[in-house]
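S.K.: Right, I'll just put the structure down here and ask away after.
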Ligand SMILES: NC(=O)c1ccc[n+]([C@@H]2O[C@H](COP(=O)([O-])OP(=O)(O)OC[C@H]3O[C@@H](n4cnc5c(N)ncnc54)[C@H](OP(=O)(O)O)[C@@H]3O)[C@@H](O)[C@H]2O)c1
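Numbering (our numbering), first residue to last: 708 to 911.
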């Protein structure tokens, strides 16, 4: 079982723009991080749309789809999603939300149930592992959650989809992680995005 992180990131290290929140998911300009996805065949078919691009970017997204048997996320990412995901939330698996605010589980259509974990990051990841049915666990975000997961030493793999843009301000991913060491594992480049995959060697 692999615990993995998979995020879109700007060239200058942001995973979201400024002023992010439920009314402004991904923050100002943040949807530009995901522009490489919107014309892909796999994304279009998930929206009920015909056609779309096939090729390496589409293959990378298909690799991730259905890989996770359970997910972990921070409360701010959840808050954005709660306001914006459709009734059939896009995870189709249990999601463990790390928060200081206890809340009853929230089942959604299509097999997603959000469980609210008020313990440590280790508790959230261990609960996800136990619920994943032998599949992998995805640490979905946001930045605070991913940094804590990396510090816990429980993350095995990171994939970053590097969008060829800068945001200049917003939510930075790696701030404060002073000695993260990664082993390059794979690079896939297209005209729209560069997919960098790493194994985690040691964590700060
Ligand atoms: N580019 C991408 O691919 C991508 C992917 C995912 C998310 N994002 C973006 O990332 C942004 C959110 O990231 P973020 O760093 O601001 O927040 P986050 O990691 O999503 O959530 C942080 C919150 O989680 C709770 N939390 C964290 N550690 C905890 C602990 N040890 N115990 C209890 N609760 C804990 C706290 O909420 P409380 O104390 O209030 O409960 C904290 O404020 C969003 O704008 C989202 O759109 C981008």
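The beta carbon of each residue, even a glycine, is placed where N, CA and C say it ideally should be.
Compute the minimum distance between the beta carbon of residue 832 and the heavy atoms of ligand 1, and state whether it is under 7 angstroms.
M.R.: Because no heavy atom of ligand 1 lies under 7 angstroms away, the Cβ of residue 832 does not count as near it: no.
S.K.: Indicate whether residue 806 and residue 813 have their beta-carbon atoms separated by less than 8 angstroms.
M.R.: Not in contact: residue 806 and residue 813 (Cβ atoms no closer than 8 angstroms).
S.K.: Does ligand 1 have a heavy atom nearer than 7 angstroms to the CB of residue 912?
M.R.: Absent from the model: residue 912. The displayed extent of the chain is 708 to 911, so no value can be given.
S.K.: Short check: CB of residue 904 to CB of residue 866, under 8 angstroms?
M.R.: Result yes, Cβ atoms of residue 904 and residue 866 sit closer than 8 angstroms.
S.K.: What residue range does the beta strand (DSSP E) around residue 717 cover?
M.R.: 710-717 is the extent of the beta strand (DSSP E) around residue 717.
S.K.: For the alpha helix (DSSP H) that contains residue 667, what are its first and last residues?
M.R.: Missing from the structure shown is residue 667; the chain here goes from 708 to 911 and no further.
S.K.: Is there contact here, the stretch 832-842 with the stretch 747-762, by at least three beta-carbon pairs under 8 angstroms?
M.R.: Flag = no, the stretch 832-842 and the stretch 747-762 do not touch.
S.K.: Is the beta carbon of residue 887 sitting closer than 8 angstroms to the one on residue 901?
M.R.: Taking 8 angstroms as the Cβ cut-off, residue 887 and residue 901 do not qualify as a contacting pair.
S.K.: Residue 895 bridges to which residues according to DSSP?
M.R.: Bridge partners of residue 895: 902.
S.K.: Report the rounded CA-to-CA distance for residue 897 versus residue 809, giving the unit in angstroms.
M.R.: Taking the straight line joining both Cα atoms gives about 43 angstroms.
S.K.: Can you check whether the CB of residue 734 is closer than 8 angstroms to the CB of residue 727?
M.R.: Yes, Cβ-Cβ distance for residue 727 and residue 734 is below 8 angstroms.
S.K.: From the DSSP output, in three-state form, read off residue 864 for me.
M.R.: Here residue 864 sits in strand by DSSP.
S.K.: Of all the beta strand (DSSP E) runs that stay within the bounds of the stretch 804-880, which reach a length of 3 or more residues?
M.R.: Counting only runs of 3 or more, we get 820-824, 843-848 and 864-870.
S.K.: Taking Cβ positions, are residue 800 and residue 832 nearer each other than 8 angstroms?
M.R.: For residue 800 and residue 832, no; Cβs fall outside 8 angstroms.
S.K.: Starting from residue 723, follow the beta strand (DSSP E) in both directions and report where the run begins and ends.
M.R.: That run of the beta strand (DSSP E) goes 721-723.
S.K.: From which residue to which residue does the alpha helix (DSSP H) around residue 764 run?
M.R.: Counting along the chain, the alpha helix (DSSP H) containing residue 764 begins and ends at 763-771.
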